[in-house]
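*Asks:*
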Amino acid sequence: MRTTITLAGISKSFLGVPVLRGVDLELRGGEVHALMGENGAGKSTLLKVLAGVHRPDAGSIEIDGVEHSFAGPADAQRAGIAIIHQEFTLLPHRSVAENVYLGREPVRRLRVDRRRMVEETARLLDWLGEDGVDPTAPVSALPVAQRQVVEIVKALSTDARVLAMDEPTAALADHEVELLYDLVRRLRQRGIAILYVSHRMREVFDLSDRITVLKDGAFVTCAPTAELTSADLVRHMVGRELGTLYPERADPAGLGAVRLALRGAGNARVREVDLEVRAGEIVGVAGLQGSGRSALARAVFGVEPFTSGTLELDGVATRITSPRGAVRQGVAFVTEDRKGEGLALRQSVRDNALLVRRSALPPRRGRAAVDLAALLESVNVVARDEHQEVRFLSGGNQQKVVLAKWLAVDPAVLVADEPTRGIDVGAKKAVHHLLRELADRGVAVLMISSELPELIGMSDRILVMHDGRLAGELPAGASETAVMALATGHGVGEVA
Amino acid sequence: MSFRPRLAEGTAPVLVVLVVLLVGLAIAGPAYSSPEGYLALLKRAAPLMILAIGQYFVIVSGGFDLSVGALVTAGVVIAARLIDGEDSATAWVILLVLAFGLLVGLVNGLVTTVLLVPSFIVTLGMLLVLDGAVFLWTGGAPRGALSPGFREFGRGAVDVPLLGEVPWSVLILLAILAAAVLFMRGGTGRALVAVGDNEQAVRLSGGRVNRLRLLAFVLSGLLAAVAAILLGGFAGVSAQVGAGLEFRAITAVVLGGVLLGGGRGSVVAATAGALSLEALFTLLNLLGVAGALESAVQGVIIIGAVAYASLGVGLRHRFTRTTTKQPATASG
Numbered sequence: 001m002r003t004t005i006t007l008a009g010i011s012k013s014f015l016g017v018p019v020l021r022g023v024d025l026e027l028r029g030g031e032v033h034a035l036m037g038e039n040g041a042g043k044s045t046l047l048k049v050l051a052g053v054h055r056p057d058a059g060s061i062e063i064d065g066v067e068h069s070f071a072g073p074a075d076a077q078r079a080g081i082a083i084i085h086q087e088f089t090l091l092p093h094r095s096v097a098e099n100v101y102l103g104r105e106p107v108r109r110l111r112v113d114r115r116r117m118v119e120e121t122a123r124l125l126d127w128l129g130e131d132g133v134d135p136t137a138p139v140s141a142l143p144v145a146q147r148q149v150v151e152i153v154k155a156l157s158t159d160a161r162v163l164a165m166d167e168p169t170a171a172l173a174d175h176e177v178e179l180l181y182d183l184v185r186r187l188r189q190r191g192i193a194i195l196y197v198s199h200r201m202r203e204v205f206d207l208s209d210r211i212t213v214l215k216d217g218a219f220v221t222c223a224p225t226a227e228l229t230s231a232d233l234v235r236h237m238v239g240r241e242l243g244t245l246y247p248e249r250a251d252p253a254g255l256g257a258v259r260l261a262l263r264g265a266g267n268a269r270v271r272e273v274d275l276e277v278r279a280g281e282i283v284g285v286a287g288l289q290g291s292g293r294s295a296l297a298r299a300v301f302g303v304e305p306f307t308s309g310t311l312e313l314d315g316v317a318t319r320i321t322s323p324r325g326a327v328r329q330g331v332a333f334v335t336e337d338r339k340g341e342g343l344a345l346r347q348s349v350r351d352n353a354l355l356v357r358r359s360a361l362p363p364r365r366g367r368a369a370v371d372l373a374a375l376l377e378s379v380n381v382v383a384r385d386e387h388q389e390v391r392f393l394s395g396g397n398q399q400k401v402v403l404a405k406w407l408a409v410d411p412a413v414l415v416a417d418e419p420t421r422g423i424d425v426g427a428k429k430a431v432h433h434l435l436r437e438l439a440d441r442g443v444a445v446l447m448i449s450s451e452l453p454e455l456i457g458m459s460d461r462i463l464v465m466h467d468g469r470l471a472g473e474l475p476a477g478a479s480e481t482a483v484m485a486l487a488t489g490h491g492v493g494e495v496a
Numbered sequence: 001m002s003f004r005p006r007l008a009e010g011t012a013p014v015l016v017v018l019v020v021l022l023v024g025l026a027i028a029g030p031a032y033s034s035p036e037g038y039l040a041l042l043k044r045a046a047p048l049m050i051l052a053i054g055q056y057f058v059i060v061s062g063g064f065d066l067s068v069g070a071l072v073t074a075g076v077v078i079a080a081r082l083i084d085g086e087d088s089a090t091a092w093v094i095l096l097v098l099a100f101g102l103l104v105g106l107v108n109g110l111v112t113t114v115l116l117v118p119s120f121i122v123t124l125g126m127l128l129v130l131d132g133a134v135f136l137w138t139g140g141a142p143r144g145a146l147s148p149g150f151r152e153f154g155r156g157a158v159d160v161p162l163l164g165e166v167p168w169s170v171l172i173l174l175a176i177l178a179a180a181v182l183f184m185r186g187g188t189g190r191a192l193v194a195v196g197d198n199e200q201a202v203r204l205s206g207g208r209v210n211r212l213r214l215l216a217f218v219l220s221g222l223l224a225a226v227a228a229i230l231l232g233g234f235a236g237v238s239a240q241v242g243a244g245l246e247f248r249a250i251t252a253v254v255l256g257g258v259l260l261g262g263g264r265g266s267v268v269a270a271t272a273g274a275l276s277l278e279a280l281f282t283l284l285n286l287l288g289v290a291g292a293l294e295s296a297v298q299g300v301i302i303i304g305a306v307a308y309a310s311l312g313v314g315l316r317h318r319f320t321r322t323t324t325k326q327p328a329t330a331s332g
């Protein structure tokens, strides 16, 4: 008989703030069950209740009809529940087998039974169909995707019947995602119940059998994946019709002059890039991880400047050798690492929004009064007031503050690297429309995204990078297949 | 620009502490039943408060300045030797002491930002260099004497309309504090705090991170020189005049709720921390507690204040970790 885990009426509050309100969730052995919801919907808290990290205030957890109450994570583990966290918990300098049995090494004659550890690990790897992983290899020698395999084997070695995966693809490169898919499918075949938490719509539709949606800590719906469309899902998550995620594209006839041009530009990571972005145009840059798409953005902004070729702004050849130089010449840059590079998290909304103005502009211009209220209004930031520290804002609102700090200096060119990473659907839509508004005001926008639907939905033209070079250019609305063909190194002709 | 008085986060506790201590002084010592007593306290505290303002700039931008105590000693010893009681030399020696402070700050800052040596180490090295140089130069007993004109700044007072006799040092302190508050409200000041929070974000916003940090060290050195001038006048010439002041200034800044490692805290709170510390020592003195306990008390305060700050952060952090999607605390 296959395992069934039933969570019923789970409620949990923190300091009087309800985070889960009577949530139901049913997992069956041999199914991939997706858990979806916007940031703050309660997914992670539910996961932690299942893992025994939090005790629910109300509700019950039943496994095959037997009610369980977990006093801690160890209890949940004994009941067969394992969690794969977003961040890896492996010790890089120890071997695969040592990691799998970390803290509960088999002992024989007062010594760690290494041979058994290695054999058992090999057996589990084999069972998973991952016999390519060497149990004696140090984890640091493995590619990221295989480290995830180790995490999973570690979970399975405790006889897990339920595997909860929190954003498992977040740390993976694009080609590794496919490997994970295979692995998840094999786990399903072997009768494991998989709870799959992800933001990425496509993964959920590719992989899951059923989907449960949470919103504001409450259960919204649970339905077989086949009966849902992505529009349904968005509606359930957001609670209203979002309309189209992407604004209308620019009218090709209405585009202005070329604002940013690269001619044979290159550095250590990108080579001989030729491109032009016109006023009013959003040019998308696609490419696999490591293809040079982010390196290109960082080169234009002067983080790792170009060492060859020329860069022209508004038709004038110039050199950009530092971010400061870039800003002063009218180039703005939205980084893909919002928390690490985009914001000073402990500073206020005000100080972050004015950071570029104050840091980069000449004193006289930088100190000129700016209508901060109007600026924040234009990007629609939701904050308690302008003095709130940005770390207390949601990812979406943080990103709007990042955009505000660039709007404050009226850039001519905006380079946006993954501008919607890690923000919820509603905020994504807002960022998309903001980018288009900027373009309509005459800004040249160069946008990088690893989410192909977004890239295709937003771009007036798509440039595809492969191996540090531009592999080709595609018109607006090109298909994902065409983009992928170029990104993986096949010519356009070969797919057509 | 709309003016709205607002307490920066972390400012409130030190103000409470300060008020409690001042009330305690009023109860314990009859001298503190009149404004004159408090003015005397302020005069005594002024050098430390000025050092705390300098230290604040460095700490809030993510560094440490351990060299200020030795710099104060060096400033006083140099001034005494060069003036040698000659009043006519006062003006240029004061300028020279200020320039010396600026130079030491410049070296601290350049080594930190250009050679990428952690400021803790750079300024510790500077402390040892200055100490050694002073000892070498004086042989342990400073020679020469300060002129009356030089000592006037630390000792003397001036008649201010409506207020009566106000010590020079208090006026200098107030001027510096006012300038510091204005500076911290402006763009450069805000950027300085942002550097302590996330220097990469400032760099990618077009800011000059190295210049900002250099500026903090230069200001700290300059203010240490000002403190040296006041202390020389107030306490006279000795080779120990600045000993331990760097730790006292750091304690004051931390007591003011400024985050070690940078990114948060107000300059007013740091200054209030220095005044609180001086008030506390005065109170302990009045209560007959041995002066030897001072450094122990200081040690308890610095650990307590940092623990209080990180405890607060820890609790908030734990709460946000459970409500947003962060990696879990346990399992495995």
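The listed protein sequences correspond, in order, to chains A and B.
Residues 1 to 496, numbered by full-length UniProt numbering, are exactly what the first sequence covers, in order.
Residues 1 to 332, numbered by full-length UniProt numbering, are exactly what the second sequence covers, in order.
From the three backbone atoms N, C-alpha and C, an ideal C-beta is built for every residue, glycine too.
(1) Who are the Cβ neighbours of A/Thr121 in its own chain at under 7 Å, not counting the five residues just before and after it?
(2) To test your reading of the DSSP string, which unbroken alpha helix (DSSP H) runs of 4 or more residues are found completely within the segment 29 to 64 of chain B?
(3) Within 10 Å of its beta-carbon, does A/Ala71 have 16 or more other beta-carbons around it, so buried, or fewer, so exposed?
(4) Looking at the structure shown, is A/Leu163 part of a helix, part of a strand, or coil, going by DSSP?
(5) Using a cut-off of 7 Å between C-beta atoms, extract the partners of A/Gly342 located in chain B.
(6) CB B/Lys43 to CB B/Ser238, shorter than 8 Å?
(7) Which bits of chain A does B/Ala191 rub up against, with CB to CB less than 8 Å?
(8) With a threshold of 8 Å, are at least 3 pairs of Cβ atoms found where one atom belongs to the segment 102 to 114 of chain B and the other to the segment 193 to 213 of chain B?
(9) Which residues, in order along the segment 198 to 224 of chain B, keep a beta-carbon less than 8 Å from a beta-carbon of chain A?
(10) Roughly how many angstroms separate the alpha carbons of A/Thr488 and A/Val464, rounded to a whole number?
(11) Enumerate, from N- to C-terminal direction, the unbroken alpha helix (DSSP H) stretches of 4 or more residues contained entirely within the segment 267 to 339 of chain A.
(12) Taking 8 Å as the threshold, find out whether the segment 55 to 68 of chain B comes into contact with the segment 120 to 130 of chain B through three or more Cβ pairs.
(13) Distance check for A/Gln289 and A/Leu173, CA to CA, integer angstroms please.
(14) Which residues bound the alpha helix (DSSP H) around A/Phe205?
(15) May I ask you to report which of helix, strand or coil DSSP gives A/Asp251?
(16) Could you tell me the alpha carbon to alpha carbon distance between A/Val49 and B/Ala290, rounded to whole angstroms?
(17) Quick one: is A/Gly493 buried, meaning 16 or more other Cβ sit within 10 Å of its Cβ, or exposed?
(18) So the candidates are A/Pro362, A/Ala373, A/Leu142 and A/Val197; which of them puts its Cα closest to the Cα of residue 523 of chain A?
(19) Between the C-alpha atoms of B/Thr188 and A/Ser348, what's the straight-line distance to the nearest angstrom?
(20) Does any CB atom of chain B fall closer than 8 Å to the CB of A/Thr335?
(21) Please compile the residues from chain B whose C-beta is within a distance smaller than 7 Å of the C-beta of A/Asp351.
(22) Can you give the beta carbon distance from A/Ile423 to A/Gln399, rounded, assuming they're within the 8 Å contact cut?
(23) Using the C-alpha atoms, what's the distance from B/Ala80 back to B/Asp87?
(24) B/Phe120: buried (16+ other C-beta within 10 angstroms of its C-beta) or exposed?
(25) Looking only at its chain, what residues have a beta carbon closer than 6 Å to the beta carbon of B/Gly221, apart from the 5 residues adjacent to it on each side?
(26) Taking one C-beta from the segment 282 to 289 of chain B and one from the segment 195 to 203 of chain B each time, how about it: are there three or more such pairs within less than 8 Å?
(27) Indicate the three-state DSSP secondary structure (helix, strand or coil) for A/Pro92 in the structure shown.
(28) Cβ of B/Arg264 less than 8 Å from any chain A Cβ?
(29) Spell out a yes or no on whether the segment 92 to 101 of chain B and the segment 37 to 53 of chain B are touching, meaning 3 or more CB-CB pairs, one atom from each, closer than 8 Å.
(30) Please decide whether A/Leu214 counts as near chain B, where near means a Cβ-Cβ distance under 8 Å.
(31) For B/Glu273 and B/Val267, I'd like the C-alpha separation in whole angstroms.
(32) Measure the alpha-carbon distance for A/Arg346 versus B/Asp84 and round it to whole angstroms.
(33) Under the rule that 16 or more other beta-carbon atoms within 10 Å means buried, what is B/Pro30, buried or exposed?
(34) Establish whether the CB of B/Gly242 and some CB of chain A are separated by less than 8 Å.
(35) If we cut at 8 Å on Cβ distances, does residue 502 of chain A have a partner in chain B?
(36) Distance check for B/Ile78 and B/Leu71, CA to CA, integer angstroms please.
*Replies:* This is what the structure gives:
(1) Val96, Ala97, Val100, Pro135 and Val153
(2) 35 to 60
(3) exposed
(4) strand
(5) Ala201
(6) no
(7) Leu355, Arg358 and Ser359
(8) yes
(9) Asn198, Gln200, Ala201, Val202, Arg203, Leu204, Ser205, Gly206, Gly207 and Arg208
(10) 10 Å
(11) 293 to 300 and 323 to 328
(12) yes
(13) Leu is not the amino acid found at residue 173 of chain A; the sequence shown has Ala there. Answer to the nearest angstrom: the Cα atoms are 6 Å apart.
(14) Met201 to Leu207
(15) coil
(16) 55 Å
(17) Low per-residue confidence applies at A/Gly493: pLDDT is 45, beneath 50, and the placement is therefore not dependable, though the value from the model is reported in the following sentence. Classification of A/Gly493: exposed, given that the 10 Å Cβ count is below 16.
(18) The question about residue 523 of chain A has no answer, for chain A in this structure spans 1 to 496.
(19) 15 Å
(20) yes
(21) Arg190 and Ala194
(22) 6 Å
(23) 11 Å
(24) exposed
(25) Gly101, Leu102, Val104 and Gly105
(26) no
(27) coil
(28) yes
(29) no
(30) no
(31) The question names Glu, but residue 273 of chain B in the sequence shown is Gly. If you take the alpha carbons of B/Gly273 and B/Val267, they lie about 10 Å apart.
(32) 50 Å
(33) exposed
(34) no
(35) No statement about residue 502 of chain A is possible, as the shown extent of chain A runs from 1 to 496 and does not include it.
(36) 10 Å
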